[in-house]
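> Here the protein sequences come in this chain order: X and V. Taking our numbering, the leading residue of the first sequence gets -6, the next gets one more, and so forth. Taking our numbering, the leading residue of the second sequence gets -6, the next gets one more, and so forth. Shown below is the structure under consideration.
2 protein chains.
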Amino acid sequence: MRSERSADTGYSANPLDRLAAQRDSAESFAAWRAAPTARTILVAGDVPILRNTGNGLDAFFDFAAAERIGTAQETVFLGTDDRGPVFGVLIDTLEPETLQGRDDVAALDLRSLATQGLLDPATLGIYAEGKSLLDWHRRHGFCARCGERTTMGAAGWKRECAGCGAQHFPRPDPVAIMLVVKGDRCVMGRQARFLPGIYSCLAGFIEPGETMEDAVRRELFEESGIRTGKVRYLASQPWPFPSSLMIGCIAEALTEELVVDYDELEDCRWFTREDVKHMLAGTHAAGFSCPPPVAIAHHLLRAWAHDGETP
Amino acid sequence: MRSERSADTGYSANPLDRLAAQRDSAESFAAWRAAPTARTILVAGDVPILRNTGNGLDAFFDFAAAERIGTAQETVFLGTDDRGPVFGVLIDTLEPETLQGRDDVAALDLRSLATQGLLDPATLGIYAEGKSLLDWHRRHGFCARCGERTTMGAAGWKRECAGCGAQHFPRPDPVAIMLVVKGDRCVMGRQARFLPGIYSCLAGFIEPGETMEDAVRRELFEESGIRTGKVRYLASQPWPFPSSLMIGCIAEALTEELVVDYDELEDCRWFTREDVKHMLAGTHAAGFSCPPPVAIAHHLLRAWAHDGETP
């Protein structure tokens, strides 16, 4: 059923049934929470905390074990799988000494867990949902409309303001990410924070009042000076840093001259299809490379360089 | 350059160059604001205020005329077109008597302006950007992280908190809207608030931790009980009520039995391609119809019924 390109991206393989229609019921939440099979992931600030089993890492705690590490600030329901209900628990940022001397627990950032293959894809998918949702609660303790404190509702899927009655929901931020191509060449850029030699697709937040395609054309012009014609959707990806929906497109360059926005990019240049094949394989003679398969950029590049996708 | 299906949807024809790279410059903002050609749209609460010229409605005021109607709470820069810089001004919700006896000014909700064709498509596009952005400021006067008051920055494209340093940005909420089909039949539903006889595509907010395609499958199962296979993107649309990005897809139904979520829908049923053609044309014998061309649902239905699009 998940045959599309989106399913190849990191963080996308989430097996949970979110049971959204039952979230508003306090009885459902209590029953899920009380289930003997209930388990939870644990996030300290925005850092995943995992169990070190001796044979590897396990993302899931029972509630009693989670409580011994930190006091739950929020407990959200993520969904159920064939093993039972799955929750996310947010605790305070841990001081480094808290876990010192404990070899049964590890703190590791989610990017490392993904790129080093330390968790299976399904668990990474659950983590993307849980970390985005918990981090949203962490950043939304007050009502943006009136400034009062808000409280969690709907099993973690909204916050409510008793002051003005406003309801707030955890929406992902849509981001356009695009490979712009002209024949056998494409444009990639690099930000100063990237590892040396890495180039990637250009990207930017979609704004109010524009279509996906217009956002692609605006971002490409702003960052690279390139005028764009056709734009075609290829894949999307949930990106939990903190909570984006990456919408991946391939776009047709109408112009070639680069006028780089050096506030956003350290460099931006044209690459050939052969360059990209070598960059994907890690064999580029000049040491250039591109993001790993966890990132949607990798799949956009592969779709064009290897699968013959065009705008 | 805008040949895609998204360009046919309402509110999508926005001609402005947003000049995003210059928004952070107070000098740029002052220069745009001082330009003799500067003009602004005017929104009272969330209601557009327009000039009645005697020959129709004009969306644009000069700043002096706008100030005579209400005191600006926020002034945001929307972009420039070939006539000059375009702004949006937010004023308080007007009491009905404020405009009584004035035949030079009209207050009309944006849906009516769109469906009755009272503004040209480009102006509707500018309005979609302006109303979404101004309404976001109206709903975000306080910092969600710490509860302090926030102030506008970046020419209207962020809010800043002096208390904790947080920056907040106006992101649209991504919504999946989908036509689920099986051969020559498709599913549509109606909400109780719809006008009598109107059926439309199912839709729902995309959540953290899911791809666009998975959101489509989840929403379809939650609202209609249908299991979905392939999902294909067709078009997107900015939807300024208050600020969504509608992401339109066509999806393959794997099952036929309907299990309707009556909390969300008043009714949900299968329709034939012939039904849909008549509903689009307003000639359905049973009086059924579907949303007008301003809505992306209309274009998804047309793409399937008339253009032969498949999942």
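By construction, the Cβ of each residue, glycine as well, lies at the ideal position given by its N, Cα and C atoms.
In chain X, which residues lie less than 8 angstroms from residue 223 of chain V when you measure between Cβ atoms?
For the purposes of this step, residue 223 of chain V is taken as residue 230 along the second sequence, with counting starting at 1. Result: -4 and -3.
> Using beta carbons (cut-off 9 angstroms, strictly below), is residue 118 of chain X in contact with chain V?
Taking the first sequence and counting its residues from 1, one reaches residue 118 of chain X at position 125. Yes, its Cβ sits closer than 9 angstroms to a Cβ of chain V.
> What residues in the segment 238 to 262 of chain X bring their beta carbon closer than 8 angstroms to a beta carbon of chain V?
Those residues of the segment 238 to 262 of chain X that come within reach of chain V (Cβ to Cβ, closer than 8 angstroms) are 238, 240, 247, 254 and 256.
> For residue 239 of chain V and residue 156 of chain X, I'd like the C-alpha separation in whole angstroms.
On the second sequence, residue 239 of chain V is found 246 positions in, with the first residue counted as 1. On the first sequence, residue 156 of chain X is found 163 positions in, with the first residue counted as 1. When rounded, the distance between both Cα atoms is 31 angstroms.
> Going along the chain, which residues of the segment 127 to 138 of chain X sit with their C-beta nearer than 8 angstroms to a C-beta in chain V?
Listed by position along the chain: 129, 132, 133, 134, 135, 136, 137 and 138.
> Are any of the Cβ atoms in chain V nearer than 9 angstroms to that of residue 39 of chain X?
Stepping through the first sequence from its first residue, residue 39 of chain X is reached at position 46. No, no contact with chain V.
> Please classify residue -4 of chain X as buried or exposed, where buried requires at least 16 neighbouring CB atoms within 10 angstroms.
Within the first sequence, residue -4 of chain X is the residue found at index 3, counting from 1. Exposed.
> In whole angstroms, what is the alpha-carbon distance linking residue 254 of chain X and residue 4 of chain V?
The count along the first sequence starts at 1 and reaches residue 254 of chain X at position 261. The count along the second sequence starts at 1 and reaches residue 4 of chain V at position 11. Going from the Cα of residue 254 of chain X to the Cα of residue 4 of chain V covers about 29 angstroms.
> Quick check: the Cα distance between residue 113 of chain V and residue 205 of chain X, rounded to an integer number of angstroms?
Walking along the second sequence from the start, residue 113 of chain V turns up at place 120. Walking along the first sequence from the start, residue 205 of chain X turns up at place 212. Rounded to the nearest angstrom, the two C-alpha atoms are 21 angstroms apart.
> Report the three-state DSSP secondary structure of residue 120 of chain V (helix, strand or coil).
Counting from 1 along the second sequence, the entry for residue 120 of chain V is found at position 127. Residue state, collapsed to three classes: helix.
> Please go through the segment 94 to 178 of chain V and give each complete beta strand (DSSP E) segment of 3 or more residues, from N-terminal end onward.
Qualifying beta strand (DSSP E) stretches, in chain order: 98 to 100, 143 to 146, 151 to 154 and 166 to 175.
> If we call anything under 9 angstroms between Cβ atoms a contact, is residue 137 of chain V one with residue 132 of chain X?
Stepping through the second sequence from its first residue, residue 137 of chain V is reached at position 144. Stepping through the first sequence from its first residue, residue 132 of chain X is reached at position 139. Going by C-beta atoms, residue 137 of chain V is nearer than 9 angstroms to residue 132 of chain X.
> Within the chosen definition, does the segment 172 to 184 of chain X reach the segment 242 to 250 of chain X through at least 3 CB pairs nearer than 8 angstroms?
The segment 172 to 184 of chain X vs the segment 242 to 250 of chain X: in contact.
> In the DSSP output, which residue or residues are listed as bridge partners for residue 7 of chain X?
In the first sequence, the residue the question calls residue 7 of chain X occupies position 14. None; residue 7 of chain X has no bridge partner.
> Sort X/184, X/270 and X/98 by Cα distance to residue 54 of chain X and report the nearest one.
As a position in the first sequence, residue 54 of chain X is number 61, starting the count at 1. Taking only the C-alpha atoms, the option nearest residue 54 of chain X is X/98.
> Against chain V, which members of the segment 80 to 107 of chain X pass a CB distance test of less than 8 angstroms?
So nothing in the stretch comes that close.
> Quick one: does residue 140 of chain V have its CB under 9 angstroms from some CB of chain X?
Position 147 of the second sequence, counting from 1, holds the residue named residue 140 of chain V. Chain X contact via Cβ: present.
> Please list, in chain order, all residues of the same chain as residue 33 of chain X whose beta carbon is under 8 angstroms from its beta carbon, the five residues on each side excluded.
Here residue 33 of chain X corresponds to residue number 40 of the first sequence, with the count starting at 1. The answer, listed in chain order, is 53, 54, 55, 56, 59, 68, 79, 80, 81 and 82.
> Going along chain V, which residues have a C-beta under 7 angstroms from residue 199 of chain X?
By 1-based counting over the first sequence, the position of residue 199 of chain X is 206. Those within 7 angstroms of residue 199 of chain X in chain V are 165 and 238.
> Just the Cα atoms here: how many angstroms apart are residue 211 of chain V and residue 50 of chain X?
Indexing the second sequence from 1 puts residue 211 of chain V at position 218. Indexing the first sequence from 1 puts residue 50 of chain X at position 57. Distance between the alpha carbons of residue 211 of chain V and residue 50 of chain X is about 30 angstroms.
> Answer with buried or exposed for residue 299 of chain V, where buried requires no fewer than 16 other C-beta atoms within 10 angstroms of its C-beta.
Locating residue 299 of chain V in the second sequence gives position 306, where the first residue counts as 1. With fewer than 16 other Cβ atoms within 10 Å, it is exposed.
> Of all the options X/117, X/96 and X/9, which has the alpha carbon lying nearest to the alpha carbon of residue 104 of chain X?
Here residue 104 of chain X corresponds to residue number 111 of the first sequence, with the count starting at 1. Minimum Cα distance to residue 104 of chain X is reached at X/117.
> For residue 249 of chain X versus residue 263 of chain X, is the C-beta spacing smaller than 9 angstroms?
In the first sequence, counting from the first residue as 1, residue 249 of chain X sits at position 256. In the first sequence, counting from the first residue as 1, residue 263 of chain X sits at position 270. Yes, the Cβ-Cβ distance between residue 249 of chain X and residue 263 of chain X is below 9 angstroms.
> Using 9 angstroms as the limit for Cβ to Cβ distance, is residue 230 of chain X near chain V?
Walking along the first sequence from the start, residue 230 of chain X turns up at place 237. Yes, contact with chain V.
> Rounded to whole angstroms, what is the Cα-Cα separation between residue 259 of chain V and residue 165 of chain V?
As a position in the second sequence, residue 259 of chain V is number 266, starting the count at 1. As a position in the second sequence, residue 165 of chain V is number 172, starting the count at 1. If you take the alpha carbons of residue 259 of chain V and residue 165 of chain V, they lie about 27 angstroms apart.
> Quick one: what does DSSP say residue 198 of chain X is sitting in, helix, strand or coil?
Numbered from 1 along the first sequence, position 205 holds the residue referred to as residue 198 of chain X. Residue state, collapsed to three classes: strand.
> What's the call for residue 106 of chain X, buried or exposed, on a 16-neighbour Cβ count within 10 Å?
Reading the first sequence from its first residue, position 113 is the one you call residue 106 of chain X. Buried is the call here.
> Give a yes or no on whether 9 angstroms exceeds the smallest Cβ distance from residue 205 of chain V to chain X.
Reading the second sequence from its first residue, position 212 is the one you call residue 205 of chain V. True, the Cβ-Cβ gap to chain X drops below 9 angstroms.
> What is the rounded straight-line gap between the Cα of residue 6 of chain V and the Cα of residue 86 of chain X?
Translated into the one-based positions of the second sequence, residue 6 of chain V becomes position 13. Translated into the one-based positions of the first sequence, residue 86 of chain X becomes position 93. Cα to Cα, residue 6 of chain V sits roughly 46 angstroms from residue 86 of chain X.
> Does any C-beta atom of chain V lie closer than 9 angstroms to the C-beta of residue 297 of chain X?
One-based indexing of the first sequence puts residue 297 of chain X at position 304. With 9 angstroms as the cut-off, residue 297 of chain X does not count as an interface residue toward chain V.
> For residue 236 of chain V, name the three-state secondary structure that DSSP assigns.
Stepping through the second sequence from its first residue, residue 236 of chain V is reached at position 243. Residue state, collapsed to three classes: coil.
> Alpha carbons only, please: which of X/280, X/235 and X/0 is nearest the one belonging to residue 38 of chain X?
As a working mapping, residue 38 of chain X is identified with position 45 in the first sequence. Checked all of X/280, X/235 and X/0; the closest Cα to residue 38 of chain X is X/235.
> Can you name the residues of chain X whose CB is closer than 8 angstroms to the CB of residue 14 of chain V?
Counting from one through the second sequence, the residue named residue 14 of chain V turns up at place 21. Neighbours of residue 14 of chain V on chain X, chain order: 215, 254 and 256.
> Within its chain, find whatever has a CB closer than 7 angstroms to the CB of residue 229 of chain X; leave out the 5 residues flanking it on each side and keep chain order.
Your numbering for residue 229 of chain X matches position 236 in the first sequence. Excluding residues within five positions, the ones whose Cβ falls inside 7 angstroms are -1, 238, 239, 240 and 241.
> Beta-carbon of residue 122 of chain V versus every beta-carbon of chain X: anything under 9 angstroms?
Residue numbering aside, residue 122 of chain V sits at position 129 when the second sequence is read from its first letter. Chain X, which has a Cβ nearer than 9 angstroms to the Cβ of residue 122 of chain V, makes this yes.
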